[in-house]
Amino acid sequence: MGVVGRTVQGVRALASSIAAGFRGVVTIMAFTESGWMRQFHLSKRVVVLSCLVLVLLIFGSTITLLSLVKGQYYLTRMRYLEQENRAMTSLLEGQAEQLSKLKLEMTKLKEFEESLRRVSGLGARPTPNP
173 MGVVGRTVQG VRALASSIAA GFRGVVTIMA FTESGWMRQF HLSKRVVVLS
223 CLVLVLLIFG STITLLSLVK GQYYLTRMRY LEQENRAMTS LLEGQAEQLS
273 KLKLEMTKLK EFEESLRRVS GLGARPTPNP
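For the sequence shown, counting from 1, position 81 maps to 253 in the working numbering; every step adds exactly one.
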């Protein structure tokens, strides 16, 4: 018997042991408050499938919870960035206002310089060559 034959035989043995595991009955004994005993009979297949469904539900709930946490993180981060954006916009508006005041002051200083040159008789200011 070659390697392939032994592998096939091993797979068959594994499959039959798994199938045998699903055969049979699980007996659950439950006691009531009055002391009576009740028995429930469930097949192993139902128990295994119930456990599988439970694991899948827990996995799905975990993924959903992680998505919710991630969404809250991004929402909080976006709010912070919007607040920072408003602060930067306000700062830029203030700087633009200061710049316009400085330009106005420069214009006044140039006019003052020209009037001083006229009064002192120095003439027009030479323009620099680029």
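Beta carbons: idealized from backbone N, C-alpha and C, even for Gly.
Where residue 215 is concerned, the enclosing beta strand (DSSP E) starts and stops at 209-215. If one requires a minimum length of 3 residues, the beta strand (DSSP E) runs lying completely within the stretch 207-275 are 209-215, in chain order. When the Cα atoms are used, residue 276 and residue 247 turn out to be separated by approximately 43 Å.
One Cα belongs to residue 279, the other to residue 269, and the distance between them is close to 15 Å. Per the C-alpha coordinates, the member of 225, 211 and 210 positioned closest to residue 217 is 225.
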